[in-house]
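Down below is the structure, laid out as structure tokens.
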Amino acid sequence: MSKNEILKAAMKLDPEDRRAIGEKLLESVEEADAQTLSQEQRAELQRRYEEHLRDPKSSIPLEDVRKHVDQRLKELSARSRARAVQRTRTR
Numbered sequence: 012m013s014k015n016e017i018l019k020a021a022m023k024l025d026p027e028d029r030r031a032i033g034e035k036l037l038e039s040v041e042e043a044d045a046q047t048l049s050q051e052q053r054a055e056l057q058r059r060y061e062e063h064l065r066d067p068k069s070s071i072p073l074e075d076v077r078k079h080v081d082q083r084l085k086e087l088s089a090r091s092r093a094r095a096v097q098r099t100r101t102r
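For the sequence shown, the working numbering begins at 12 and goes up steadily by one.
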């Protein structure tokens, strides 16, 4: 079965099933990524984790990070569109 066929079939599932499949796929990628980390990267992750354990309030909740990233992407997209319009007008 091709990627397109799998995607087409998956899109017919109800949202909860699609979410569950998506989470499983992400987990598999994260596991693969974890296996490809260098020793330095592993040490840095361990250091950050230990820092978090010492001071849990120093971390930023995932939802806050997502909101910030979404807002930043919207800003960048708006700037990009504005530059495209400006280039079109100057031609």
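Note that beta-carbon positions come from the ideal geometry of N, C-alpha and C, so glycine has one too.
At which residues does the alpha helix (DSSP H) containing residue i begin and terminate?
{"i": "residue 12", "result": "Run containing residue 12: none; DSSP gives neither H nor E here."}
{"i": "residue 75", "result": "73-100"}
{"i": "residue 64", "result": "50-65"}
Using beta-carbon positions only, say whether residue i and residue j come within less than 8 Å of one another.
{"i": "residue 29", "j": "residue 20", "result": "no"}
{"i": "residue 62", "j": "residue 69", "result": "yes"}
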